[in-house]
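In the UniProt record's numbering, the protein residues as written are 1 to 295.
Structure, as structure tokens:
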């Protein structure tokens with residue numbers, strides 16, 4: 001079995017997550033009552049036991065904005081106690097005048113590798129997160145993302161296909177920074193118009209050699225583990241971006257709403273296997289190892 005890095009997972013304490021203690025609201029992944037609770041590292045390790053996952057990258061989970069440092073500190077402490085995670089993607093508010101004071105506070109945590117601020121916006125209200133569709137090219141966002149280069153940090157870029165032209169502007173003007181497209185560009189449906197727009201968006205971003213994508217969260221909009229859909233996304237992502245620009249992520253525990261880790265990674269392994277050993281090594285290890293530098 002090809003060893004794996006899980007390049008996108010979460011753990012949390014419910015008390016730290018405003019969205020898990022507040023009222024239920026429509027979200028892109030559907031009803032989420034089963035995860036309105038603590039999800040500790042021990043449960044994640046149990047969930048992925050036997051999967052071949054040897055390292056994992058934690059991605060921020062929307063703590064209160066003012067607690068951005070507490071989140072990374074919690075993960076660094078967890079890693080010190082358990083050996084997991086092996087890299088951290090924290091949060092910083094890229095809409096402020098100057099993000100550097102925030103980054104300076106985060107840099108003392110040795111596992112920090114990048115930041116994510118979710119910039120996705122969609123015409124469907126339940127799919128929206130960003131303040132506007134073009135927030136990705138807001139002048140303050142662009143100025144702050146440009147500052148990541150000086151820290152050697154990556155940026156997890158979460159966009160829908162209609163935003164990817166603007167996304168290329170942001171990625172293209174920062175050639176020394178790695179950008180990781182979350183959830184392979186967020187394909188929302190399988191009708192021809194939607195899939196063609198998604199592929200066009202990936203082709204747009206493929207012009208930037210510093211753009212990578214995560215094969216993660218592929219059940220987000222169908223609310224199930226769908227091997228055929230995963231294979232479709234894998235096939236097209238490899239064709240457009242190349243396996244050396246792709247990495248696997250479980251998106252647990254969000255995907256735990258509808259599947260087990262074993263079923264999820266099997267669907268991904270089966271989808272990648274037909275592309276050969278090089279693609280398997282790239283997607284399950286090499287790309288994440290190169291981009292996130294897990295310990």
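A virtual CB, placed ideally from N, CA and C, is assigned to each residue, including glycine.
For residue 251 and residue 8, believed in contact at Cβ under 8 Å, the rounded distance: 5 Å
Buried/exposed call for residue 163, threshold 16 Cβ in 10 Å: buried
Residue 288 classed as buried or exposed, judged by whether at least 16 other C-beta atoms fall within 10 angstroms: buried
Chain-order list of residues whose beta-carbon lies under 6 Å from that of residue 206 (same chain, five-residue window excluded): 240 and 241
Simplified DSSP assignment, three categories, for residue 132: coil
In DSSP terms, what residue 53 is bridged to: 4
Every unbroken alpha helix (DSSP H) inside the segment 182-258 [4 residues or more]: 192-205 and 227-241
Exposed unless 16 or more other CB atoms sit within 10 angstroms - verdict on residue 24: exposed
Exposure label - residue 295; buried when at least 16 CB within 10 Å: exposed
Whole-angstrom distance between residue 89 and residue 302, CA atom to CA atom: Since the first and last residues shown for the chain are 1 and 295, residue 302 lies out of range.
Whether residue 215 touches residue 248 by CB criterion (8 Å): yes
Cβ contact check for the segment 61-75 and the segment 273-281: 3 or more pairs under 8 Å: no
Sub-8 Å separation of residue 122 and residue 116 beta-carbons: no
Burial state of residue 224 (16 or more Cβ within 10 Å): exposed
Residue 98 - DSSP class collapsed to helix/strand/coil: coil
Per DSSP, cross-strand counterpart(s) of residue 12: 39
Residue from 261, 236 and 44 whose Cα sits closest to the Cα of residue 202: 236
Cβ contact check for the segment 132-150 and the segment 37-51: 3 or more pairs under 8 Å: no
Other residues of its chain near residue 169: CB distance less than 7 Å, five sequence neighbours each side excluded: 137
Residue 353, buried or exposed, once every other Cβ within 10 Å from all chains shown has been counted against 16: For the chain, the structure presents residues 1 to 295; residue 353 sits outside this window and is missing.
Buried or exposed (CB count within 10 angstroms, at least 16 for buried), residue 4: buried
Neighbourhood of residue 20 by C-beta distance below 6 Å, restricted to the same chain and skipping five residues each side: 14 and 36
Backbone CA spacing between residue 266 and residue 172 [nearest angstrom]: 35 Å
Short Cβ contact (8 Å threshold) for residue 134 with residue 166: yes
Rounded C-alpha distance that separates residue 229 from residue 218: 8 Å
Same chain, Cβ closer than 7 Å to residue 210, neighbours up to 5 away in sequence not counted: 171, 175, 177, 178 and 179
Residue 132, buried or exposed, once every other Cβ within 10 Å from all chains shown has been counted against 16: exposed
Assumed close pair residue 184, residue 233 - CB separation to whole angstroms, cut-off 8 Å: 5 Å
Residue 179 - DSSP class collapsed to helix/strand/coil: strand
Length-filtered (4 minimum) alpha helix (DSSP H) runs lying within the segment 114-167: 139-147
Helix, strand or coil at residue 111 [DSSP, three-state]: coil
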